[in-house]
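Beneath this line is the structure, given in structure tokens, with notes to follow.
2 protein chains.
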Amino acid sequence: MPVTLKDIARLAGVSTSTVSRSLNDSPLIPDETRRVIQRIAREQGFSFNASARGLSLGQTGTIALIFPDYFERFSINLFFSSLQSHIRNVLERAQVDVLVAFPRSRTTGESNVQKLVMARKIDGMLVVNNEMDRADQDCLRAAGIPFVFLHKHPEDTLAPDADYFCTDHVAGGRLAAQALLSSGAGRVLLVSAIGEEFDARSEGFFSAWAEAGRSKTDIDVVFGDCSFEYGSGEVARRVVQARSFGSPYRGVFCQTDLMALGTLQALGLAGVEVPSEVRVVGYDDIELGKGFMPALTTVRQPLQEITELACHRLLELLGGARPAPEHRLIRPELMLRAT
Amino acid sequence: MPVTLKDIARLAGVSTSTVSRSLNDSPLIPDETRRVIQRIAREQGFSFNASARGLSLGQTGTIALIFPDYFERFSINLFFSSLQSHIRNVLERAQVDVLVAFPRSRTTGESNVQKLVMARKIDGMLVVNNEMDRADQDCLRAAGIPFVFLHKHPEDTLAPDADYFCTDHVAGGRLAAQALLSSGAGRVLLVSAIGEEFDARSEGFFSAWAEAGRSKTDIDVVFGDCSFEYGSGEVARRVVQARSFGSPYRGVFCQTDLMALGTLQALGLAGVEVPSEVRVVGYDDIELGKGFMPALTTVRQPLQEITELACHRLLELLGGARPAPEHRLIRPELMLRAT
DNA sequence: ACGTGAAATGCAAGCGATTGCATAAACGGA
DNA sequence: TCCGTTTATGCAATCGCTTGCATTTCACGT
Numbered sequence: 041m042p043v044t045l046k047d048i049a050r051l052a053g054v055s056t057s058t059v060s061r062s063l064n065d066s067p068l069i070p071d072e073t074r075r076v077i078q079r080i081a082r083e084q085g086f087s088f089n090a091s092a093r094g095l096s097l098g099q100t101g102t103i104a105l106i107f108p109d110y111f112e113r114f115s116i117n118l119f120f121s122s123l124q125s126h127i128r129n130v131l132e133r134a135q136v137d138v139l140v141a142f143p144r145s146r147t148t149g150e151s152n153v154q155k156l157v158m159a160r161k162i163d164g165m166l167v168v169n170n171e172m173d174r175a176d177q178d179c180l181r182a183a184g185i186p187f188v189f190l191h192k193h194p195e196d197t198l199a200p201d202a203d204y205f206c207t208d209h210v211a212g213g214r215l216a217a218q219a220l221l222s223s224g225a226g227r228v229l230l231v232s233a234i235g236e237e238f239d240a241r242s243e244g245f246f247s248a249w250a251e252a253g254r255s256k257t258d259i260d261v262v263f264g265d266c267s268f269e270y271g272s273g274e275v276a277r278r279v280v281q282a283r284s285f286g287s288p289y290r291g292v293f294c295q296t297d298l299m300a301l302g303t304l305q306a307l308g309l310a311g312v313e314v315p316s317e318v319r320v321v322g323y324d325d326i327e328l329g330k331g332f333m334p335a336l337t338t339v340r341q342p343l344q345e346i347t348e349l350a351c352h353r354l355l356e357l358l359g360g361a362r363p364a365p366e367h368r369l370i371r372p373e374l375m376l377r378a379t
Numbered sequence: 041m042p043v044t045l046k047d048i049a050r051l052a053g054v055s056t057s058t059v060s061r062s063l064n065d066s067p068l069i070p071d072e073t074r075r076v077i078q079r080i081a082r083e084q085g086f087s088f089n090a091s092a093r094g095l096s097l098g099q100t101g102t103i104a105l106i107f108p109d110y111f112e113r114f115s116i117n118l119f120f121s122s123l124q125s126h127i128r129n130v131l132e133r134a135q136v137d138v139l140v141a142f143p144r145s146r147t148t149g150e151s152n153v154q155k156l157v158m159a160r161k162i163d164g165m166l167v168v169n170n171e172m173d174r175a176d177q178d179c180l181r182a183a184g185i186p187f188v189f190l191h192k193h194p195e196d197t198l199a200p201d202a203d204y205f206c207t208d209h210v211a212g213g214r215l216a217a218q219a220l221l222s223s224g225a226g227r228v229l230l231v232s233a234i235g236e237e238f239d240a241r242s243e244g245f246f247s248a249w250a251e252a253g254r255s256k257t258d259i260d261v262v263f264g265d266c267s268f269e270y271g272s273g274e275v276a277r278r279v280v281q282a283r284s285f286g287s288p289y290r291g292v293f294c295q296t297d298l299m300a301l302g303t304l305q306a307l308g309l310a311g312v313e314v315p316s317e318v319r320v321v322g323y324d325d326i327e328l329g330k331g332f333m334p335a336l337t338t339v340r341q342p343l344q345e346i347t348e349l350a351c352h353r354l355l356e357l358l359g360g361a362r363p364a365p366e367h368r369l370i371r372p373e374l375m376l377r378a379t
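For the protein sequence lines, the chains are A and B, in the order given. Residues in the first sequence are numbered from 41 upward in steps of one, following my numbering. Residues in the second sequence are numbered from 41 upward in steps of one, following my numbering.
What follows is the structure, encoded as structure tokens:
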């Protein structure tokens, strides 16, 4: 039988109001009483019943973490699990529990967002690398449930009044360009992918390139699928072919580490020297890149910073603050390693 | 303002009891009434308030997913995120939400398990690759909250009366041995790691080896840290050295794919031919292994099966069933690829 | 000694559902 | 026509906690 407020009240010979106030550190209760009651509660192993408290208070102490539908796609995977760890680390300190959910049901297609909101199962929402349709957003707003986008480029059309915390991908693209520019003249291959964040990286790359006085015609662009295989297959093939046709690439910027690592491996086996013949720069800074041979030069996404900012903002909002919405782009860092 | 039972009742001109019964498909309500009320509820966008329902029913429609503390260690990472996806897929169908938590607070060291249980925030618990101390288990049992271990070898001493669903690592070790045995005579290197599951794999390997009439003296054992680097460093070095000293290994069984891939890469660069000179077998079947060059032969952990079994068992328990506890070992599968 | 304000505590009404029990309506049989 | 069932519905208590307001107690100033 779980211990309730009433039990503690009986044991302490006071009313449940007093117990409630004591355990909630209300200033109405004198210290002495509070101490006694807290001791009794501790001895009895009392915990608040979350449902009861939720019902009474209108909040649950839980937030939802919405991951993209393609969460389990490997390339994104290795990325999001560390994101999740960071998030839980921050929120745990604030005593907030984390519910994970897909944006919509895999089977019925119903919106999980709306379901959670309508059931008042959560107080807030952290949306990772995902958009949210109008209906979902309206639902959240109508219910007054705060939400923060994280690791998602703000698209002004969709939710200009929401908070966004994202890597500054334009800056990231510039960093990659700088890494390649330093290796001197020559053509480079830019391996992008589908998505606004990739466009932003390309944009940064192009502009830094132009600012260095280099011609855009030196840049070839292809669009990959973010996989290791695309790197070891298509990308490496192009590099090798270009070399044998006498117009070698001096650098490759793969917009995900996985593609970069694939490229690296295939080039290694094909006998193409990295970085002396061609430099390779990745993006993300996944763990694996450090241990790879040669160690991958890459643009580190400031995951920890992003999650901390997003979580703190969400906590602020949960606390009732209504600050002006923020579209914060956090500068990534160039991890200059062997390639 | 959220819509409540009372609102629907007023609109329909009936009592809240009738509405509650209608929406819960009670047989007490005639079909016609039920339909009308359900329609109204739908029109009004009604949802049950989870807290109220939880308080009244004594259950929350949420389970906790407990991941190990070392969750974010990369080697485990790529593994657990797909686990999580599978779990959510299964539970979503049963309308059960998933709360993720570390077994204990990173900062205070308090048991999150106990906290969740005492607060009655969850109805059940799925424990991934983790032990649970006596106190936690006692707490769960006292509260009558069912829990299932998954992807964890049952240790009879700890919770013989709990359910376990785990890869049959002994069988996995045997599969690896078979893959290596087929390449004929010669010494092999067994790269293990710390943990009972690794011991089980070794055990299986040894016994299959012996059954094939081969001598145990052909097997060298080392203990790695499951990382790519350990493979590309220590393991590859040993293989190359052994070769140059005239007693080459004919096979390597790395008990995690990451170590195997590291090994593969370093051997590739060192010019050791795989599989003609030496075979390499991994364990886990991570996505990356398929795309690697050459594609890694490995033992696939039946993650999907494991999670489905565990989830279904938990759902059963949540439903009130009290079947005999099960220690189920699921047979892994040999993924015979290039190495 | 008494009125007054502050401090401590309790009462009881919610919060939004569920559900045992009571009641009302409808129906069928004699 | 009347009674006993069956069927449909409602009343009100309950789940555990919070909190506005009322009440009690006490110290203090006059």
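For every residue, glycine included, the Cβ atom is placed at its ideal position computed from N, Cα and C. Just so you know, these numbers come straight off a predicted model, no measurement behind them.
- Contact between Thr-338 (chain B) and Val-321 (chain B) holds: CB atoms are separated by about 6 Å, below the 8 Å threshold.
- For Glu-171 (chain B), no chain A residue has a Cβ inside 9 Å of its Cβ, as the nearest lies near 20 Å away.
- Residue-level contact check: Arg-283 (chain B) does not touch chain A, since none of the beta carbons of chain A fall below 8 Å from its beta carbon.
- Glu-236 (chain A) sits exposed, since fewer than 16 C-beta atoms from the chains shown fall within 10 Å of its C-beta.
- When CB distances to chain B are screened at a threshold of 9 Å, the residues of the stretch 69-89 of chain A falling below it are Gly-85, Phe-86, Ser-87, Phe-88 and Asn-89, in chain order.
- In its chain, beyond the 5 residues on either side, Ala-282 have a beta carbon closer than 6 Å to the beta carbon of Pro-288 (chain A).
- It is roughly 6 Å from the alpha-carbon of Asp-260 (chain B) to the alpha-carbon of Val-228 (chain B).
- The residues Val-231, Ala-233, Tyr-270 and Met-299, in chain order, have a CB closer than 6 Å to that of Gly-264 (chain A) in the same chain once the five nearest residues on each side in sequence are set aside.
- Interface annotation, Thr-347 (chain A): not in contact with chain B, CB-CB separation never under 8 Å.
- In this chain, Ala-81 (chain B) is not harboured by any beta strand (DSSP E); it is covered by the alpha helix (DSSP H) spanning 71-84.
- For Ile-370 (chain A), the closest alpha carbon among the candidates A:Asp-163, A:Val-168 and A:Phe-205 is that of A:Phe-205.
- Taking every protein chain shown into account, the CB of Phe-293 (chain A) has 16 or more other CB atoms within 10 angstroms, so this residue is buried.
- Per DSSP, Ala-217 (chain A) is one residue of the alpha helix (DSSP H) stretching across 209-221.
- Burial is judged here by how many other beta carbons sit within 10 angstroms of a residue's own beta carbon; Ser-242 (chain B) has at least 16 and is buried.
- Ranking B:Val-54, B:Gly-53, B:Thr-102 and B:Gln-78 by CA distance to the CA of Asp-65 (chain B) puts B:Gln-78 first.
- Chain-order list of chain A residues neighbouring Pro-42 (chain B): Met-158, Arg-160 and Ala-183, by C-beta distance under 8 Å.
- DSSP places Cys-294 (chain A) in the uninterrupted beta strand (DSSP E) bounded by 289-294.
- Assigned with DSSP and collapsed to three states, Val-188 (chain B) falls in strand.
- When CB distances to chain B are screened at a threshold of 9 Å, the residues of the stretch 273-299 of chain A falling below it are Gly-273 and Leu-298, in chain order.
- Residue range 276-284 is occupied by the alpha helix (DSSP H) that includes Val-280 (chain A).
- Your pair Leu-220 (chain B) and Gly-291 (chain B) checks out as a contact, with CB atoms roughly 4 Å apart and the cut at 8 Å.
- With its beta carbon less than 8 Å from one in chain A, Ser-267 (chain B) belongs to the interface.
- Residues of chain A with a Cβ closer than 8 Å to the Cβ of Asn-64 (chain B) do not exist; the shortest Cβ-Cβ separation is about 15 Å.
- Out of A:Cys-351, A:Ile-326, A:Ser-272 and A:Leu-343, the CA that lies nearest to the CA of Met-333 (chain B) is found in A:Ser-272.
- DSSP places His-352 (chain A) within a helical segment (H, G or I) once states are collapsed to three.
- Neighbours of Thr-147 (chain B) in chain A, taken as residues whose beta carbon is under 9 Å from its own, are Asn-129, Glu-132 and Arg-133 in chain order.
- Cβ-Cβ distances below 8 Å link Asp-239 (chain A) to Ser-232 in the same chain, with the five nearest sequence neighbours on each side left out; the list follows chain order.
- For Met-333 (chain B), the chain A residues whose C-beta falls within less than 8 Å of its own C-beta are Ser-272, Gln-305, Ala-306 and Leu-309, listed in chain order.
- Short of 6 Å from the beta carbon of Glu-345 (chain B), and not among the five residues preceding or following it, lie these beta carbons of its own chain, in chain order: Ile-370.
- For Pro-108 (chain A), the closest C-alpha among the options A:Gly-98, A:Ile-80, A:Ser-87 and A:Met-172 is that of A:Met-172.
- For Glu-373 (chain A), the enclosing beta strand (DSSP E) starts and ends at 373-375.
- His-367 (chain A) is bridged by DSSP to A:Tyr-204.
- If you draw a straight line from the Cα of Ala-225 (chain A) to the Cα of Gln-305 (chain B), it comes to about 30 Å.
- Nearest Cα to Asp-324 (chain B) within the set B:Gly-311, B:Leu-118, B:Ser-125 and B:Asp-297: B:Asp-297.
- Among the CB atoms of chain A, none fall inside 8 Å of the CB of Leu-354 (chain B).
- In this structure, the alpha-carbon of Gln-124 (chain A) lies about 19 Å from that of Leu-131 (chain B).
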